[in-house]
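Notes follow the structure.
There are 2 protein chains.
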Amino acid sequence: MVQERINEFAKYIEKKGLKTTQQRNDIIRTFLKSGGHLSVDDLHQKVKKVNPRVGYATVYRTLKLLSESGVAVERHFDDGHTRYEHLEPEEHHDHLICIKCGDIIEFEDKNIESLQEKVAKKHGFRVVTHNLEMYGYCKKCNGNT
Amino acid sequence: MVQERINEFAKYIEKKGLKTTQQRNDIIRTFLKSGGHLSVDDLHQKVKKVNPRVGYATVYRTLKLLSESGVAVERHFDDGHTRYEHLEPEEHHDHLICIKCGDIIEFEDKNIESLQEKVAKKHGFRVVTHNLEMYGYCKKCNGNT
DNA sequence: TTTGAAATTGATCATTATTTTCATTTCTCA
DNA sequence: TGAGAAATGAAAATAATGATCAATTTCAAA
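Written as structure tokens, this is what we have:
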């Protein structure tokens, strides 16, 4: 399935008349192999282990491309760091974020989604995307504030 | 009710051993008189009309205090500008944000809230606060993309 | 395979939002 | 009223991200 994402991205690159490069490949492979929610810096650190010549700016640019192509999504959580995560087609999830340990739990709830649509419709709004984030204490951190 | 908020803030200031100043008063009054979702710059512009000597940094510092005291809340929408809005006690609302005209609609939905709590509980999570933002096209902008 | 235009890269500089510093002014209250 | 703590404003410091540009790489056509 990593290969699928890579192909998807290759198709996007081609459509835009862009080129395939070693750096991009290294960045994309590293991104897809990593789980979770990566900051630009996180990813840069990891990529450097594979290919030390890759610059910070290229990681930025490639993540931007990955977002445009739909392979990744940008997340803006309240800590002020933009993070990127894989976007699996047909799948959407929201986040529970621990304000003590920083752990991020993903969840999906169709009932919430459909209520959201209902609210939007009531306001004549056509929703393209949404964020739902809950901040609080995870199971481990609960109690020992 | 503006007076109520002012008193609430005064109490917070006192508890922290801080001082009341003309600048803070001007900033707070201007903030409370304005509706909507203000950026630091918005508020600074408005305050300058009342008191031209007020500096940018003071607006920042005062908004920070207002957030801490619970009179205001910080919002981080995807446009990269932190905005502040009044926080009425007992009241919570979420946002519909038009990605064409930038309009922000507030809504409240108890059903969504209770489903959220349910999800959190399932993960052993104690929620302190949450954000729900839906991005899309408002009634006016819908269709004429 | 060679070639050359177009795209990419990485280093560095520019920007934008926010925070901090610091010398000076202003409050508070004994 | 006077001392000491806090607040202020201007400017410098950060931090994240975006843009610039000369050098390099890619790729398709010759």
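Protein sequence lines, in the order shown, are assigned to chains H and Z. Counting in this note's numbering, the first sequence runs from 2 upward without gaps. Counting in this note's numbering, the second sequence runs from 2 upward without gaps. All residues carry an ideal CB built from backbone N, CA and C; glycine is no exception. Keep in mind it's a predicted model, so treat the numbers as computed, not measured.
- Taking C-beta separations shorter than 7 Å and ignoring five residues to either side along the sequence, the partners of tyrosine 57 of chain Z in its chain run His45, following chain order.
- Counting the other Cβ atoms within 10 Å of the Cβ of cysteine 102 of chain Z gives fewer than 16, which makes it exposed.
- Residues of chain Z with a Cβ closer than 9 Å to the Cβ of histidine 38 of chain H do not exist, since the nearest Cβ in that chain sits about 16 Å away.
- Per DSSP, the continuous beta strand (DSSP E) segment holding phenylalanine 108 of chain Z begins and ends at 105 to 108.
- The three-state reading of DSSP puts histidine 93 of chain H in coil, since its state is none of H, G, I, E or B.
- Membership of threonine 31 of chain H in the alpha helix (DSSP H) is indicated by the continuous run 23 to 34.
- Neighbourhood of isoleucine 105 of chain H in chain Z, by CB distance below 7 Å: empty, with the nearest CB roughly 11 Å away.
- In terms of Cβ geometry, phenylalanine 126 of chain H and glycine 37 of chain Z do not form a close pair [threshold 8 Å].
- Residue burial is scored here from C-beta neighbours: leucine 19 of chain Z has fewer than 16 other C-beta atoms within 10 angstroms and is therefore classed as exposed.
- For histidine 82 of chain H, the closest Cβ of chain Z is not nearer than 8 Å.
- Per DSSP, the unbroken alpha helix (DSSP H) holding asparagine 8 of chain Z starts and ends at 3 to 16.
- Counting C-beta pairs with one atom in each stretch, the segment 5 to 20 of chain Z and the segment 65 to 80 of chain Z have three or more that are closer than 8 Å, which means they touch.
- Of the residues assessed, histidine 96 of chain H falls on the buried side of the cut-off, its CB having 16 or more other CB atoms within 10 angstroms.
- For the segment 98 to 130 of chain Z, the set of positions with a beta-carbon nearer than 7 Å to some beta-carbon of chain H reads Ile100, Ile106, Phe108, Asp110, Asn112, Ile113, Leu116, Gln117, Val120, Ala121, His124, Gly125, Phe126, Arg127, Val128, Val129, Thr130 in chain order.
- At a beta-carbon threshold of 8 Å, none of the residues of chain Z lie near aspartate 42 of chain H; the nearest stands roughly 18 Å away.
- When beta bridges are read from the DSSP output, histidine 131 of chain H appears opposite Z:Met135.
- Nearest Cα to asparagine 132 of chain Z within the set Z:Cys139, Z:Lys140, Z:Asp110: Z:Asp110.
- Listed as beta-bridge partners of isoleucine 98 of chain Z by DSSP are Z:Ile105, Z:Tyr136.
- In this structure aspartate 42 of chain H is exposed. Its beta-carbon is surrounded by fewer than 16 other beta-carbon atoms within 10 angstroms.
- For glutamate 134 of chain Z, the chain H residues whose C-beta falls within less than 7 Å of its own C-beta are His131, Asn132, listed in chain order.
- With respect to threonine 31 of chain H, valine 51 of chain H sits close: the two C-beta atoms are nearer than 8 Å.
- For a cut-off of 8 Å, the C-beta gap from leucine 116 of chain Z to asparagine 112 of chain H is around 6 Å, short enough to register as a contact.
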